[in-house]
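Undergrad: In my numbering, the protein residues as written are 81 to 249.
1) With a CB to CB cut of under 6 Å and the five nearest residues on each side skipped, what residues in its chain are close to residue 126?
2) Enumerate in chain order the residues of its own chain whose CB-to-CB distance from residue 141 is below 6 Å, with the five nearest sequence positions on each side excluded.
3) Provide the residue span of the beta strand (DSSP E) that contains residue 220, from first to last.
4) Taking 7 Å as the limit between beta carbons, can you name the residues of its chain near residue 123, skipping five residues before and five after?
5) Does the structure place the segment 95-113 close enough to the segment 155-174 that three or more beta carbon pairs sit under 8 Å?
6) Return the CA-CA distance between residue 174 and residue 198, expressed in angstroms with no decimal places.
7) Helix, strand or coil: how does DSSP classify residue 161 here?
8) Output the distance between the C-alpha atoms of residue 192 and residue 180, rounded to the nearest integer angstrom.
9) Report the option in 89, 115, 99, 97 whose CA atom is closest to the CA atom of residue 82.
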């Protein structure tokens, strides 16, 4: 049997998870024949993990943690290690496998590149490749990541604050 999987998502205010992510978890659970849980960062870590039916997950069951984050922002760099510590505390001795955040998956970057090729990058519609705007990222890791993503995807990638005055530009 496959391990249980915990999809770590950003979530919305108050721990609300969009229906599409619940549907994804249900489909994954059916394909994997194993429990798939969804946990929003906005909800804090519970004392016990529960499956989609609300039943407590066996604390000894191996768990795969899949952070559905696209960028190496504060959630990946700070929140994720804290959540791993909390999971180990509420599931002592249980095996925990950590997958990289989605934005680091070669398949995701390849999908971006394919999308760019379908758009005719560059030059057919505009002299420059389309611009991908990301929420604020800071520090050298973020700059390296956006540079790598630009080189591999063909898009121009820019970190843009939520309060950008000239967002249309």
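We put the CB at the ideal spot given by N, CA and C, even for glycine.
Since the model is a prediction, treat every value here as computed from it, not as a measurement.
TA: Reading it off the structure:
1) none
2) 84
3) That residue, residue 220, is in no beta strand (DSSP E); its alpha helix (DSSP H) goes 219-233.
4) 91, 95
5) They do not touch, by the three-pair rule.
6) Their Cα atoms are separated by approximately 44 Å.
7) helix
8) 18 Å
9) The residue with the shortest Cα to Cα distance from residue 82 is 115.
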